Structures are given as structure tokens and as C-alpha cells.
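Just so we're aligned, residue 1 is where the sequence shown starts under this note's numbering, counting upward by one.
A virtual CB, placed ideally from N, CA and C, is assigned to each residue, including glycine.
Just so we're clear, the structure is a prediction, and the values are computed from it rather than from any experiment.
Right, one structure below, let's go through it.
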Amino acid sequence: MAFVQYLEDSKLALEALNCDSVGYEILRNKDRVFNFLIKDLKVPAAQILKQEALAIGADFALPRDAILYVREFYDGILMLTRAQSKALLKKLKMQPFGLKKVAQDLESHLQFQCITPKIMGIINITPDSFYANSRKSCKEAESSLIAMIEEGVDIIDIGAASTRPGSAWVSEEEEHLRLKEILEFIKCEKLNERVILSIDTYTPSVARKCLDYGFGIINDITGFSNAKMLEAVKGYDCTCVVMHMQGNPKEMQNYPNYRDLFLEIDRFFAQRIAELNMQNISKIILDVGIGFGKTLEHNCALIQHLGHFLHFGYPLLVGASRKSMIDRITPCDVKERLPGTLAIHLESLNHGASIIRCHDVAEHLQALKVWQAIQNVSLQTL
Numbered sequence: 001m002a003f004v005q006y007l008e009d010s011k012l013a014l015e016a017l018n019c020d021s022v023g024y025e026i027l028r029n030k031d032r033v034f035n036f037l038i039k040d041l042k043v044p045a046a047q048i049l050k051q052e053a054l055a056i057g058a059d060f061a062l063p064r065d066a067i068l069y070v071r072e073f074y075d076g077i078l079m080l081t082r083a084q085s086k087a088l089l090k091k092l093k094m095q096p097f098g099l100k101k102v103a104q105d106l107e108s109h110l111q112f113q114c115i116t117p118k119i120m121g122i123i124n125i126t127p128d129s130f131y132a133n134s135r136k137s138c139k140e141a142e143s144s145l146i147a148m149i150e151e152g153v154d155i156i157d158i159g160a161a162s163t164r165p166g167s168a169w170v171s172e173e174e175e176h177l178r179l180k181e182i183l184e185f186i187k188c189e190k191l192n193e194r195v196i197l198s199i200d201t202y203t204p205s206v207a208r209k210c211l212d213y214g215f216g217i218i219n220d221i222t223g224f225s226n227a228k229m230l231e232a233v234k235g236y237d238c239t240c241v242v243m244h245m246q247g248n249p250k251e252m253q254n255y256p257n258y259r260d261l262f263l264e265i266d267r268f269f270a271q272r273i274a275e276l277n278m279q280n281i282s283k284i285i286l287d288v289g290i291g292f293g294k295t296l297e298h299n300c301a302l303i304q305h306l307g308h309f310l311h312f313g314y315p316l317l318v319g320a321s322r323k324s325m326i327d328r329i330t331p332c333d334v335k336e337r338l339p340g341t342l343a344i345h346l347e348s349l350n351h352g353a354s355i356i357r358c359h360d361v362a363e364h365l366q367a368l369k370v371w372q373a374i375q376n377v378s379l380q381t382l
């Protein structure tokens with residue numbers, strides 16, 4: 001009797017069938033339908049895109065009144081496979097009304113290859129971070145550094161200025177003072193040769209000093225909006241984490257409000273990327289800023305549709321470790337939020353994240369190994 005099995009992803013199944021290699025390449029480009037929301041298209045562009053999509057077997061969904069040209073601009077949803085995209089992109093690149101730019105954005109998104117996921121451990125040399133167990137003295141921070149390295153963490157993100165909701169900016173002098181001993185320890189033990197080090201800072205002089213101590217990543221919650229931060233990283237072969245935040249830590253959670261959440265974050269990233277590129281910085285990581293000027297609904301939407309931001313072609317970082325959004329879903333103290341944290345982070349990986357920033361390194365490394373094993377299971381072993 002015939003047996004029907006639903007396949008979430010046909011890649012492994014096609015390999016298991018021992019298809020001809022040429023045929024496999026053709027078939028695997030037909031297995032997944034990609035959906036893209038395209039906004040603010042002029043009516044002629046929308047109609048052309050609709051016609052061209054239908055011509056190659058794809059579709060572009062438009063509101064009912066689009067055929068009557070009631071409005072000047074329309075939003076629509078493009079639905080197509082990778083195989084169909086090749087023909088469509090070729091046609092759109094020859095069209096007017098902004099369709100060349102649409103083609104470029106689609107191409108960038110479809111060509112992005114997600115890197116192997118990495119775990120970024122958190123070390124806070126602060127007296128007021130929202131999670132008490134993450135607050136470390138200099139000596140405790142030294143022990144945590146060694147422990148995380150031995151556990152197999154990929155990146156360690158060190159911060160000396162709390163950015164929890166309601167916190168005030170820390171002075172430059174205080175931030176330097178908190179970091180002094182740990183930087184000397186890192187230098188003495190040559191820890192920058194054993195793990196990638198990241199500094200969580202918005203202070204230009206701190207960023208520059210850490211780069212001189214062998215740090216490879218600058219993680220700026222202000223997204224390098226400060227021109228002096230751009231100057232600080234200029235000339236260094238470093239990676240810059242651009243995080244989106246509405247407002248500032250002290251007030252960001254008072255009344256988070258967006259006219260269009262994704263469009264506003266998109267424009268922010270585009271502007272910051274352009275500024276960094278002007279400083280010859282091409283190693284960039286994007287962070288949508290879970291909990292930084294966002295409601296629970298904003299946070300959930302960003303995780304569910306994280307893949308939208310892959311069109312920039314840069315790795316995506318998600319840091320929701322023990323954050324209050326978990327408490328709003330299922331009331332619990334910060335000490336009880338590890339299960340919720342793992343749920344959010346694994347879902348983020350499913351939607352395009354490739355770097356997870358967390359407090360609980362050992363638990364995340366275990367969860368990641370299990371997640372990867374599930375992703376890589378071969379049907380030939382079943």
C-alpha cells in the first residue's frame with residue numbers, strides 16, 4: 001500500500017533518492033516557496049510584477065482594487081520558488097518603475113547563505129544588570145571567561161555598563177575602571193587567541209582600547225549612531241554588531257510605538273550599514289534588539305519574521321536571554337526563565353539567526369547540538 005509522508009524540507013529526501021546530480025540541482029530549486037512582502041510599488045510596477053510572476057508560474061498577490069488603479073502605490077506578496085526566481089529576476093532587471101531595485105533586493109535575500117550558528121556568552125562586570133547571576137566582580141569574570149572557553153563557547157561578550165530597561169548611561173571613566181583588571185588578565189593569558197572577544201559598549205574610547213587588547217567585535221546597542229564610534233573602529237579589522245533600539249535604556253520601554261515596525265528597523269539598518277561601509281567596515285552583524293524599545297508583540301513578530309532582515313546579506317544575532325518578554329507570556333522570576341530563553345533562541349535559529357547571545361552557555365551549547373542533529377538527520381538512516 002502506498003504511504004504518504006509530509007516533508008518539511010525535501011533536501012535530504014532528494015539526496016536519499018539518489019537522483020541524478022543534474023536533476024537534483026533542478027529539483028531542489030523547486031521544493032520551497034519563498035514569500036516576500038513588497039511595499040510601496042507604483043501601480044504600473046505592481047501590474048508588471050503581477051504579469052511577470054504569473055508568466056513564470058509564480059504569483060504576486062495584490063489588493064482587489066489594484067486592477068482599478070484606485071491608489072498610486074500598492075503593497076503585495078510575491079510567492080515563488082528559487083527556480084522561478086531566476087527567470088523573474090532576469091525580467092525585472094530590465095523593467096522601469098523601481099523594479100530593478102526590487103530585483104536587487106530579492107537577489108540579495110535569495111543568495112544569502114546562513115553561517116553555522118554560534119553561541120555568544122555574556123559576562124557583565126556591572127553591579128546592576130537585570131539578571132543578578134550575571135553580575136561579576138573582576139575575579140569572578142576571570143573565572144567565567146576560562147569556564148566559557150573550556151565549555152566551547154564561540155564568542156564572549158563582555159560589558160561594563162548595564163543597558164537594562166530603566167538604566168542610566170554609565171560614565172566613560174567608570175566603564176574604563178570596571179574593565180581595567182579584566183583587560184590585563186586577557187592580555188596576560190592571551191585569551192584573545194583562544195576565543196573571539198566582543199565588547200558590549202557605546203563608548204568610543206572603550207571600543208578603541210578593547211580593539212587594542214585583541215577584541216574582534218564591537219557590540220554597540222546604539223548601532224554606531226554616534227559618529228565618534230565610527231571613528232573609533234576606523235582602520236581596525238573588526239566586526240561591528242549593529243543593534244536597533246528605540247529611544248534609550250532609561251525610557252525605551254515606556255511607550256514603544258512604531259508606524260511600521262519592519263520598515264523602520266529596515267531603514268535604520270540600511271543607514272547604519274552605509275555609514276560603516278564608508279569607514280571601510282564590511283564585517284557587520286545585525287541585531288533587531290529584542291526588548292530594546294519593543295512590546296511583547298513587537299518581539300514575537302521580529303522573531304517569527306526574522307528572515308526578513310536576511311536580505312541585507314549579514315548574519316543575524318538574537319539576544320533574548322532571560323528577558324522580561326518570557327515573564328509576560330508565562331509569569332516567572334528571572335531565575336526561572338531558562339526554558340523560555342531556549343525556546344526563543346531555537347525558534348530564532350529556525351528563522352535565520354546565526355548568533356545567539358546568552359547567559360547560560362553550557363545549556364545553549366547542548367541545545368544547539370541537539371538542534372543541529374535534528375536539522376542534519378539523514379533519511380537513509382531511518
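**Prompt:** Just how far apart, CA to CA, sit residue 76 and residue 38?
**Reply:** 5 Å
**Message:** DSSP three-state label for residue 93, please.
**Reply:** coil
**residue 316 versus residue 117: straight-line alpha-carbon distance, rounded** = Those two C-alpha atoms are separated by around 10 Å.
**Item:** Rounded C-alpha distance that separates residue 369 from residue 152
**Value:** 12 Å
**Asked** In whole angstroms, what separates the C-alpha of residue 223 from that of residue 273?
**Response** 9 Å
**Request:** Check the DSSP bridge columns for residue 232 and list the partner residues they point to.
**Result:** Beta-bridge pairing links residue 232 to no other residue.
**Request:** Please report how far the alpha carbon of residue 299 lies from the alpha carbon of residue 287, in whole angstroms.
**Result:** 12 Å
**Asked** Since residue 62 is in the beta strand (DSSP E), which residue starts that stretch and which ends it?
**Response** Here residue 62 belongs to no beta strand (DSSP E), and DSSP marks it neither H nor E.
**Asked** So is residue 331 buried or exposed if we call it buried at 16+ other beta carbons inside 10 Å?
**Response** exposed
**Asked** Apart from the five residues on each side of it in sequence, which residues of its chain come closer than 8 Å, Cβ to Cβ, to residue 306?
**Response** 288, 316, 318, 348, 351, 352, 353
**Item:** Anticipated Cβ contact below 8 Å, residue 238 with residue 216, distance rounded
**Value:** 6 Å
**Asked** Are residue 156 and residue 145 closer than 9 Å when you measure CB to CB?
**Response** yes
**Message:** For residue 91, which residues in the same chain have their Cβ closer than 6 Å to its Cβ, ignoring the five residues on either side in sequence?
**Reply:** 52
**Collapsed DSSP secondary structure at residue 32 in the structure displayed** = coil
**Prompt:** Got a sec, what are the start and stop residues for the alpha helix (DSSP H) residue 157 sits in?
**Reply:** Residue 157 -> not in any alpha helix (DSSP H); beta strand (DSSP E) instead, spanning 155–159.
**Request:** Going by DSSP, name the residue or residues bridged to residue 129.
**Result:** According to DSSP, which records beta bridges pairwise, residue 129 is partnered with nothing at all.
**Item:** Nearest to residue 36 (by Cα), restricted to the options 264, 85, 65
**Value:** Per the C-alpha coordinates, the member of 264, 85, 65 positioned closest to residue 36 is 85.
**Message:** Counting beta carbon pairs with one atom in the region 133–149 and one in the region 95–104, are three or more of them shorter than 8 Å?
**Reply:** no
**Request:** Would you kindly work out how many angstroms separate the C-alpha atoms of residue 383 and residue 321, rounded to a whole number?
**Result:** The question about residue 383 has no answer here: the residues shown for the chain are numbered 1 through 382.
**Asked** Using the rule of at least 16 other Cβ atoms within 10 Å of the residue's Cβ for burial, across every protein chain shown, is residue 71 buried or exposed?
**Response** exposed
**Reference residue 129; option with closest CA among 110, 297, 161** = 161
**Item:** For residue 119 and residue 371, the rounded distance between their alpha carbons
**Value:** Residue 371 and residue 119: Cα-Cα distance of roughly 13 Å.
**Request:** Under 8 Å by Cβ, that's how I've got residue 80 and residue 33 pegged, so tell me the actual separation to the nearest angstrom.
**Result:** 7 Å
**Asked** Would DSSP call residue 341 helix, strand or coil?
**Response** helix
**Asked** Going straight from the alpha carbon of residue 290 to that of residue 374, what length do you get?
**Response** 26 Å
**residue 230 to residue 55 span [Cα, whole Å]** = 47 Å
**Prompt:** Under a Cβ-count criterion, where at least 16 other Cβ atoms within 10 Å of its own Cβ denotes burial, should residue 227 be classed as buried or exposed?
**Reply:** exposed
**Message:** Using the Cβ count rule (16 or more neighbours within 10 Å means buried), how would you classify residue 64?
**Reply:** exposed
**Item:** Enclosing beta strand (DSSP E) for residue 198 [first to last residue]
**Value:** That run of the beta strand (DSSP E) goes 196–200.
**Prompt:** CA-CA distance, residue 163 and residue 218?
**Reply:** 15 Å
**Item:** Start-to-end residues for the beta strand (DSSP E) that takes in residue 269
**Value:** Here residue 269 belongs to no beta strand (DSSP E); instead the alpha helix (DSSP H) covers 261–278.
**Request:** Give me the Cα-Cα distance between residue 44 and residue 62, rounded to the nearest whole angstrom.
**Result:** Rounded to whole angstroms, residue 44 and residue 62 show a C-alpha spacing of 12 Å.
**Asked** Just how far apart, CA to CA, sit residue 336 and residue 210?
**Response** 33 Å
**Message:** Would residue 181 and residue 205 be called neighbours here (beta carbons separated by less than 9 Å)?
**Reply:** No, these two residues do not count as a Cβ contact at 9 Å.
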